[in-house]
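Participant: The letter at position 240 of the sequence shown is residue 240 when you use full-length UniProt numbering, and the numbering goes up by one with no holes.
No residue lacks a Cβ here, since even glycine has one placed at the ideal position from N, Cα and C.
Since the structure is predicted, the reported quantities are computational estimates derived from the model, not experimental observations.
I have a structure I would like to understand better, so I am pasting it below and will then ask my questions one at a time.
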Amino acid sequence: MGDSTPLLSELNSAESEPPLLHKHVPSLDSTIERCIGDFGWAQFLQAILVSFSWFFDAQQTFITVFTDAEPTWHCTQLDDPNNSCHSASNVCQLPQNSWAWDWPRHTSTISEWALQCSPSLVQGMPASAFFMGCLIGGLALATLADTSLGRKNMLFLTCLVMSLSTFLTAFSSNIWIYSILRFITGFGRATIGTSALVLSTELVGRRWRGQVGVIGYFCFTLGFLSLPAIAYTQRAHSWRTLYFCTSIPTFLYCIMVHFLVRESPRWLFVRGRKEEAIATLKHIAPINGTSTKTPLTSSFFSNLSFEQETRNVDLYSAIKVLVKRRWAFRRLSALMAIGFGVGMVYYGMPLALGSLDFNLYLSVTFNGLSELPASLITLVFIAKMNRKTSLLVFTSFSGVFSIMSVLKGIHPIWTTIQIVFELVSFFSACSAINILLIFTVELFPTCVRNSAVSMVRQAVVLGGVFSPMLAAAGRVNGGFLSYGVFGVVVGVFGLFVVCLQETRGRGICDTMDEEEYKQRETATCNAVPGDV
1 MGDSTPLLSE LNSAESEPPL LHKHVPSLDS TIERCIGDFG WAQFLQAILV SFSWFFDAQQ
61 TFITVFTDAE PTWHCTQLDD PNNSCHSASN VCQLPQNSWA WDWPRHTSTI SEWALQCSPS
121 LVQGMPASAF FMGCLIGGLA LATLADTSLG RKNMLFLTCL VMSLSTFLTA FSSNIWIYSI
181 LRFITGFGRA TIGTSALVLS TELVGRRWRG QVGVIGYFCF TLGFLSLPAI AYTQRAHSWR
241 TLYFCTSIPT FLYCIMVHFL VRESPRWLFV RGRKEEAIAT LKHIAPINGT STKTPLTSSF
301 FSNLSFEQET RNVDLYSAIK VLVKRRWAFR RLSALMAIGF GVGMVYYGMP LALGSLDFNL
361 YLSVTFNGLS ELPASLITLV FIAKMNRKTS LLVFTSFSGV FSIMSVLKGI HPIWTTIQIV
421 FELVSFFSAC SAINILLIFT VELFPTCVRN SAVSMVRQAV VLGGVFSPML AAAGRVNGGF
481 LSYGVFGVVV GVFGLFVVCL QETRGRGICD TMDEEEYKQR ETATCNAVPG DV
């Protein structure tokens, strides 16, 4: 999944309403809610346009599944007396003139640059560089959407960087330049999901934020599903064609964002840009019929009670607060450990599909489709089950079925069983990520909640940094070093959930002191120390 979950916005908005500074003075939030509380076509079109960035984000996240896949090969010496070629499973053990690729060399980076016998570190370097770029970009760009750039400009610039670097990637002459450009692509797309989610949900009333978040999730799934379709139609062409086909539509999308997308009125008000905020509300509200009842003018907003942005929104200041409080640090550490394990499976499994004896295009399609029921199952589990229990179940399922997917069988049906095991593991990882991020929202107070979620998401991406190298290593031994390691890691790291307290049905605090007071109150009522 890409960067976030659509359920986050719903939970966050429901519990973080700003207090009124004066009892009889309307707040900024309540006034904007009067303007855009109803859901009209203008907001719907804005939400669709903003959320569609997830489509291109998904394409660049998983594109190396096809561009860096090792092609199939065949023996060229039919009269081999020792039958050494037909019995070999690794081309590195054969003379160069005894085998050949089934497709032209330029269909994959592995065959074009003769990387089939290179170490797994080299083969997985481009994908690892991409996730490393995501990791560093997520830390470096985390606060720009809240401070100087805003949501719209952040979305525009990150999509632009991603599209241009993707286009330049098609001209790579070797693995090193290719990896550098993939790093830049990852750095650029690091905040696309967050910017799109925040902007789309701030353009609608609180009643519709959860539904609008789902739009972004489905766009991500559609982008994932578009890859096998594009790759299959271009399977006889160069791997560079796939980068061309995905970069040009992304660039056109950037132009649409620049001219058609509106900035968040909430962010504009908080930054003191009242006239621009009113213009945005006028653009959205008339179709809903609100502006005919209440004229949107500067005087209408003159007596509002709200704080202009003067507080420190620096991510690193919030991290200091999380580290200084022992209970917060222990919670964050446990959540990041779980995120690392789940991220390794989520990002690694599609990359490792080439090690299974199953059609690559179909298997990637099935993986993309499995994200849809994962979202629905998450909704059911969040409403009816404990967070700890559901997270433990999904990480355990993901670990067990990941290990089972590398087991070999003699019967031909075992190939189908393998892909079923892999799909169950991937589906469980998708569900675990959704629950993990919601769990994080509920475990931390408002003042550090965004920073905590950001750190957990970075831990998920960190798991993705290591997964490409393991996926490359798994090609040699039938997946034992990929799916086997994925299963062990997510299973072991998922056990950290026992260190956390349950949050189902529990209120969310706004300050660190309030959270600590609630812990002491709970401990006193139970007469035993509470969970961390």
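(1) Report the partner residues of residue 607 according to the DSSP bridge assignment.
(2) In whole angstroms, what separates the C-alpha of Trp327 from that of Leu149?
(3) Excluding the five sequence neighbours on either side, which residues of its own chain have a C-beta within less than 6 angstroms of the C-beta of Ser425, listed in chain order?
(4) Taking the straight line between their C-alpha atoms, what separation do you get for Gly348 and Val161?
(5) Compute the Euclidean distance between the alpha carbons of Met512 and Pro445, then round it to the nearest angstrom.
(6) For Gln46, count neighbouring Cβ atoms within 10 angstroms of its own Cβ and tell me buried if that reaches 16, exposed if not.
(7) Give me the Cα-Cα distance between Leu197 and Ala58, rounded to the nearest whole angstrom.
(8) Mind listing, in chain order, the continuous alpha helix (DSSP H) runs of no fewer than 4 residues lying wholly within the stretch 461-493?
(9) Roughly how many angstroms separate the alpha carbons of Tyr243 and Ala337, rounded to a whole number?
(10) In chain order, what residues of the same chain lie with their CB nearer than 7 angstroms to the CB of Val122, ignoring the 5 residues before and after it?
(11) Could you check the C-alpha separation between Ala236 and Val91 for me, to the nearest Å?
(12) Can you tell me whether Arg266 is helix, strand or coil according to DSSP?
(13) What's the C-alpha gap between Leu500 and Thr378?
(14) Is Glu276 helix, strand or coil by DSSP?
(15) Report the option in Val485, Leu227, Gly138 whose CA atom is closest to the CA atom of Ile184.
(16) Helix, strand or coil for Gln519? Go by DSSP, reduced to three states.
(17) Let me check understanding here. Comparing Cα to Cα, which of Leu369, Ala190, Leu164, Leu470 lies closest to Met455?
(18) Which residue marks the beginning of the alpha helix (DSSP H) containing Asp57, and which one marks its end?
(19) From Val261 to Leu281, what does the alpha carbon distance come to, in whole angstroms?
(20) If you follow the alpha helix (DSSP H) that residue 558 is part of, which residue opens it and which one closes it?
(21) Would Ser355 pass as a contact of Gly216 if the rule is Cβ separation under 8 angstroms?
(22) Leaving out the 5 sequence neighbours to the left and right, which residues in its chain are closer than 7 angstroms to Ala452 when beta-carbon positions are compared?
(23) Quick check on Leu252: buried or exposed, where buried means 16 or more other Cβ atoms within 10 Å of its Cβ?
(24) Any heavy atom of the ligand PLP closer than 7 angstroms to the CB of Ala140?
(25) Under DSSP, the alpha helix (DSSP H) around Glu442 begins and ends at which residues?
(26) Under 8 angstroms, do Lys152 and Glu263 count as touching if we go by C-beta distance?
(27) Suppose you measure from the CA of Gly193 to the CA of Phe55; what does that come to, to the nearest Å?
(28) If you follow the alpha helix (DSSP H) that Thr241 is in, where does it begin and where does it stop?
(29) Spatial neighbours of Ser51 within its chain, please: C-beta separation below 7 angstroms, excluding the five flanking residues on both sides.
(30) For Ile278 and Gln519, I'd like the C-alpha separation in whole angstroms.
(31) Can you list, in chain order, the residues of its chain whose CB lies under 8 angstroms from that of Cys245, leaving out five sequence neighbours each side?
Facilitator: From the atom records:
(1) In the structure as shown, the chain begins at 1 and stops at 532. Residue 607 is therefore absent and cannot be evaluated.
(2) Looking up residue 327 in the sequence shown gives position 327. Looking up residue 149 in the sequence shown gives position 149. About 34 angstroms.
(3) If you number the sequence shown from 1, residue 425 lands on position 425. Once the five neighbours on either side are set aside, the close Cβ partners of Ser425 are Ser398, Phe401, Ser402.
(4) Working through the sequence shown from its first residue, we reach residue 348 at position 348. Working through the sequence shown from its first residue, we reach residue 161 at position 161. Going from the Cα of Gly348 to the Cα of Val161 covers about 24 angstroms.
(5) What you label residue 512 is simply residue 512 of the sequence shown in a count that begins at 1. What you label residue 445 is simply residue 445 of the sequence shown in a count that begins at 1. About 6 angstroms.
(6) Reading the sequence shown from its first residue, position 46 is the one you call residue 46. Residue environment: Gln46 is assigned as buried (16 or more neighbouring CB atoms within 10 Å of its CB, all protein chains considered).
(7) Sequence index remark: in the sequence shown, residue 197 carries index 197 (1-based). Sequence index remark: in the sequence shown, residue 58 carries index 58 (1-based). The alpha-carbon atoms of Leu197 and Ala58 are separated by roughly 14 angstroms.
(8) 485-493
(9) Sequence index remark: in the sequence shown, residue 243 carries index 243 (1-based). Sequence index remark: in the sequence shown, residue 337 carries index 337 (1-based). Roughly 33 angstroms between the two C-alpha positions.
(10) Here the question's residue 122 lines up with position 122 in the sequence shown. If we look at Val122 and ignore the five residues flanking it on each side, its Cβ neighbours are Leu115, Ile175.
(11) Working through the sequence shown from its first residue, we reach residue 236 at position 236. Working through the sequence shown from its first residue, we reach residue 91 at position 91. Distance between the alpha carbons of Ala236 and Val91 is about 21 angstroms.
(12) Residue 266 sits at position 266 when you count from the first residue of the sequence shown. Arg266: helix per DSSP, three-state reduction.
(13) Along the sequence shown, one-based indexing puts residue 500 at 500. Along the sequence shown, one-based indexing puts residue 378 at 378. So the alpha carbons of these two residues sit roughly 19 angstroms apart.
(14) Here residue 276 refers to the residue found at position 276 of the sequence shown. Three-state DSSP puts Glu276 in a helix.
(15) As a working mapping, residue 184 is identified with position 184 in the sequence shown. Measuring C-alpha to C-alpha distances from Ile184 to each of Val485, Leu227, Gly138 identifies Gly138 as the nearest.
(16) Residue 519 sits at position 519 when you count from the first residue of the sequence shown. Helix at Gln519.
(17) As a position in the sequence shown, residue 455 is number 455, starting the count at 1. Ranking Leu369, Ala190, Leu164, Leu470 by Cα distance to Met455 puts Ala190 first.
(18) Residue 57 sits at position 57 when you count from the first residue of the sequence shown. Element bounds for Asp57: 53-62.
(19) Reading the sequence shown from its first residue, position 261 is the one you call residue 261. Reading the sequence shown from its first residue, position 281 is the one you call residue 281. So the alpha carbons of these two residues sit roughly 13 angstroms apart.
(20) With the chain represented from 1 up to 532, any question about residue 558 goes unanswered, as that position is not in the structure.
(21) Against the sequence shown, residue 355 aligns to sequence position 355. Against the sequence shown, residue 216 aligns to sequence position 216. No, the Cβ-Cβ distance between Ser355 and Gly216 is not below 8 angstroms.
(22) Translated into the one-based positions of the sequence shown, residue 452 becomes position 452. Cβ within range, chain order: Leu322, Leu332, Thr440, Phe444.
(23) The residue you call residue 252 lines up with position 252 of the sequence shown. The residue in question, Leu252, is exposed, as its Cβ has fewer than 16 Cβ neighbours within 10 Å.
(24) Looking at this structure, you won't find the ligand PLP or any other ligand, since it has none at all.
(25) Position 442 of the sequence shown, counting from 1, holds the residue named residue 442. From DSSP, the alpha helix (DSSP H) with Glu442 extends over 414-443.
(26) For the purposes of this step, residue 152 is taken as the residue at position 152 of the sequence shown. For the purposes of this step, residue 263 is taken as the residue at position 263 of the sequence shown. Result yes, Cβ atoms of Lys152 and Glu263 sit closer than 8 angstroms.
(27) Numbered from its first residue, the sequence shown carries residue 193 at position 193. Numbered from its first residue, the sequence shown carries residue 55 at position 55. One C-alpha to the other measures close to 10 angstroms.
(28) Counting from 1 along the sequence shown, the entry for residue 241 is found at position 241. Counted as a single uninterrupted DSSP element, the alpha helix (DSSP H) harbouring Thr241 occupies residues 239-260.
(29) By 1-based counting over the sequence shown, the position of residue 51 is 51. Taken in chain order, the residues that qualify are Ala196, Ser200, Ile215, Gly216, Cys219.
(30) Sequence index remark: in the sequence shown, residue 278 carries index 278 (1-based). Sequence index remark: in the sequence shown, residue 519 carries index 519 (1-based). Whole-angstrom Cα-Cα distance: 42 angstroms.
(31) Looking up residue 245 in the sequence shown gives position 245. Same-chain partners within the cutoff: Ile230, Gln234.
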